[in-house]
Amino acid sequence: PTWTCSYRERAVLPNTSSLAAYLLRLIAIKKTNLCLSADVTTTAELLAIAEEVGDSICVLKTHADIVSDFSDRTMKGLRDIARRKHFLIFEDRKFADIGETVQKQYTGGPLRIARWAEITNAHILPGPAIVTALREAAASTIASYNTAVHTEITASPPTDHDDDHDVVPSSTSADPLERLDVSHAPDRKHSVVSISTTISTRTESISPHPRPDIDHDDGADTLALLERLGEAPYLRSLLLLAEMSSEGHLLTGAYTATCVQIARAHRDFVMGFIAQHALNSEPADNFITMSPGVQLPPAGQKDGKKLGDALGQQYNSPRKIVLEQGCDVIIVGRGILKAADRREEAERYRREGWRAYEERVGL
Ligand code: 6AU
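Heads up: the sequence shown begins at 7 in UniProt numbering, then just goes up one per residue.
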């Protein structure tokens, strides 16, 4: 049903979460369905590549556990670039444990994923409680964020222009959880009386209702539209691994079907799938499919020849994944990372992915 819908149309369908609506609008405005898989091993390389290709992507995917010097600086650096260049961050953690354990892995440890990554992913091998556990942990992270923002606002001295109360002071956008760690400030936390409308504006402003200012092409340029779209809402979402790209993977048939059922039962938190083809089959389905294992055939080589690496990875072209398999976001790692000019290569993938999408929806 969503096969021929534009990203803009899908942003306002029922059953679309606020974060999914934001991402679909972001994709439509930046004209990119490209996710960079930033599989690099140092903070310096990670921030450099984010800066280099940030304008060409809608999502930046990380493997924080391969970054040897991952620290607060990495998280803050990434958030800062994401805000400036307008993309979402997806930590490819592939959770696969019991609920109690994944909650700790998601919010704690050295990585504290829930703080800085809007999107993460999980296998459904342990059963559906993995989704409810992660959703609960996400909700408490959002709640602490709201408390931190609120405390900061109520603690800040009154200003002369108190009338613009629907705008969060710009100083709060640099992650209030970092500057005001509520877990270490119980007194201030308890002094909070209520969550103000300011915060709900910040966390829920991107709702899946039509926004005439950005949902119609009124000729405004990308920058103007991005300004109207605003910052990503402070929300969290999950992708379920429904299929893999690697040779001989076991995520097939009944397993994939169960994954879709679990997603349908948790539409408020599950934004979509990691899969090799679109899995929306019921009228109510509006899941976003992100697909890894994407590479352009080397110049001069025809599309269709089997590509891969020596360790089981299998590649398809953006055209096959988007036009023929109906996927929404192409995930590209080495195809871009190994290029001499990564910025130009990312643009080439963006153009290919976008052309395939336009052809699919008949634009
Ligand atoms: O383009 P590549 O082959 O350099 O990188 C592909 C990226 C890697 C994998 O960990 C990841 O995509 N990936 C995933 C994800 C995103 O969950 C699933 C899968 O089936 N295959 C796959 O390659 O970072």
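For every residue, glycine included, the Cβ atom is placed at its ideal position computed from N, Cα and C.
In terms of residue numbering, what span does the alpha helix (DSSP H) encompassing VAL18 cover? Looking up residue 18 in the sequence shown gives position 12. VAL18 -> no alpha helix (DSSP H), and no H or E assigned at all.
For the pair the segment 298-317 and the segment 256-266, tell me if three or more CB-CB distances fall below 8 Å. no
Here's a check: name, in chain order, each residue in its chain whose Cβ is nearer than 7 Å to the Cβ of THR147, leaving out the five neighbours to either side. Here the question's residue 147 lines up with position 141 in the sequence shown. Around THR147: THR113, ALA120, ARG121, ARG242.
Rounded straight-line distance, which links the Cα of ASN292 to that of VAL19: Counting from 1 along the sequence shown, the entry for residue 19 is found at position 13. Counting from 1 along the sequence shown, the entry for residue 292 is found at position 286. What sits at residue 19 in the sequence shown is Leu, not Val. About 8 Å.
Selection from ILE87, ALA144, PHE101 that minimises the alpha carbon distance to CYS64: Here residue 64 is taken as the residue at index 58 of the sequence shown, counted from 1. By alpha-carbon distance to CYS64, the top candidate from ILE87, ALA144, PHE101 is ILE87.
Mind checking whether the beta-carbon of HIS255 lies closer than 8 Å to any heavy atom of the ligand 6AU? Your numbering for residue 255 matches position 249 in the sequence shown. Flag set: Cβ of HIS255 near the ligand 6AU.
Between LYS36 and ILE280, what straight-line distance do the alpha-carbon atoms span, to the nearest angstrom? Stepping through the sequence shown from its first residue, residue 36 is reached at position 30. Stepping through the sequence shown from its first residue, residue 280 is reached at position 274. Roughly 22 Å between the two C-alpha positions.
Just the C-alpha distance for HIS171 and GLU142, rounded to the nearest angstrom, thanks. Looking up residue 171 in the sequence shown gives position 165. Looking up residue 142 in the sequence shown gives position 136. Because the pLDDT at HIS171 is just 44, under 50, the model does not fix this residue reliably, and the point stays unresolved.
Count the other CB atoms within 10 Å of the CB of GLN307; is the residue buried (16 or more) or exposed (fewer)? Stepping through the sequence shown from its first residue, residue 307 is reached at position 301. By the neighbour-count rule (16 or more Cβ atoms within 10 Å), GLN307 is not buried but exposed.
May I ask whether a heavy atom of the ligand FAD can be found less than 8 Å away from the beta carbon of PRO7? As far as ligands go, the structure on display features the ligand 6AU and does not contain the ligand FAD.
Does the ligand 6AU have a heavy atom nearer than 8 Å to the CB of TYR321? Stepping through the sequence shown from its first residue, residue 321 is reached at position 315. Indeed, a heavy atom of the ligand 6AU lies less than 8 Å from the Cβ.
Assign SER292 to one of three DSSP states: helix, strand, or coil. Start at 1 with the first residue of the sequence shown, and residue 292 comes out as number 286. According to the sequence as given, residue 292 is Asn; it is not Ser. Coil, per DSSP.
Taking 7 Å as the limit between beta carbons, can you name the residues of its chain near ASP274, skipping five residues before and five after? Counting from 1 along the sequence shown, the entry for residue 274 is found at position 268. Closer than 7 Å at the Cβ level, and outside the excluded window around ASP274, lie SER23.
Using the Cβ count rule (16 or more neighbours within 10 Å means buried), how would you classify GLU351? For this step, residue 351 is matched to residue 345 along the sequence shown. GLU351 comes out buried.
Quick check for students: name the residue ranges of the alpha helix (DSSP H) that lie wholly in the segment 255-287, counting only runs of 4 or more. 259-271
With three or more C-beta pairs closer than 8 Å as the rule, is the segment 64-76 touching the segment 33-52? yes
Please state the DSSP three-state secondary structure of GLN320. Locating residue 320 in the sequence shown gives position 314, counting from the first residue. In this structure, GLN320 counts as strand in the three-state DSSP scheme.
Check whether the Cβ of residue 6 lies closer than 8 Å to any heavy atom of the ligand 6AU, and answer yes or no. The shown model of the chain, from 7 to 369, leaves out residue 6, and the question about it has no answer.
DSSP three-state label for GLY359, please. Working through the sequence shown from its first residue, we reach residue 359 at position 353. Helix.
Measuring only the C-alpha atoms, how far is GLY339 from LEU42? Along the sequence shown, one-based indexing puts residue 339 at 333. Along the sequence shown, one-based indexing puts residue 42 at 36. The straight-line gap from Cα to Cα measures roughly 6 Å.
According to DSSP, residues forming a beta bridge with PHE101: Locating residue 101 in the sequence shown gives position 95, where the first residue counts as 1. DSSP lists ALA128 as partners of PHE101.
Within the segment 36-115, note down every full beta strand (DSSP E) run reaching 3 residues or more, in order along the chain. 40-43, 65-68, 94-101
Can you grab the Cα-Cα spacing for the pair THR262 / ALA161, in whole Å? On the sequence shown, residue 262 is found 256 positions in, with the first residue counted as 1. On the sequence shown, residue 161 is found 155 positions in, with the first residue counted as 1. Their Cα atoms are separated by approximately 49 Å.
Exposed unless 16 or more other CB atoms sit within 10 angstroms - verdict on ASP334: As a working note, residue 334 is residue 328 in the sequence shown. So ASP334 ends up on the buried side.
Out of curiosity, what's the CA-to-CA distance linking VAL300 and PRO214? Position 294 of the sequence shown holds residue 300. Position 208 of the sequence shown holds residue 214. Whole-angstrom Cα-Cα distance: 30 Å.
Comparing the CB of VAL335 with every heavy atom of the ligand 6AU, is any distance shorter than 8 Å? Counted from its first residue, the sequence shown places residue 335 at position 329. No.
Go to ILE212, then tell me how far its alpha helix (DSSP H) extends in each direction, as first and last residue. Residue 212 sits at position 206 when you count from the first residue of the sequence shown. Where ILE212 is concerned, there is no enclosing alpha helix (DSSP H), given that its DSSP letter is neither H nor E.
Is LEU245 closer than 9 Å to ALA128 when the C-beta atoms are compared? Residue numbering aside, residue 128 sits at position 122 when the sequence shown is read from its first letter. Residue numbering aside, residue 245 sits at position 239 when the sequence shown is read from its first letter. Yes, the Cβ-Cβ distance between ALA128 and LEU245 is below 9 Å.
Which residue comes first and which comes last in the beta strand (DSSP E) that contains SER243? Within the sequence shown, numbered from 1, the residue matching residue 243 stands at position 237. It spans 243-247 - the beta strand (DSSP E) in which SER243 sits, taken as one unbroken run.
Please say whether GLY332 and ARG361 have beta carbons closer to each other than 9 Å? In the sequence shown, counting from the first residue as 1, residue 361 sits at position 355. In the sequence shown, counting from the first residue as 1, residue 332 sits at position 326. No.
Going by the CB atoms, is the gap between GLU330 and ALA238 shorter than 9 Å? As a working note, residue 238 is residue 232 in the sequence shown. As a working note, residue 330 is residue 324 in the sequence shown. No, the Cβ-Cβ distance between ALA238 and GLU330 is not below 9 Å.
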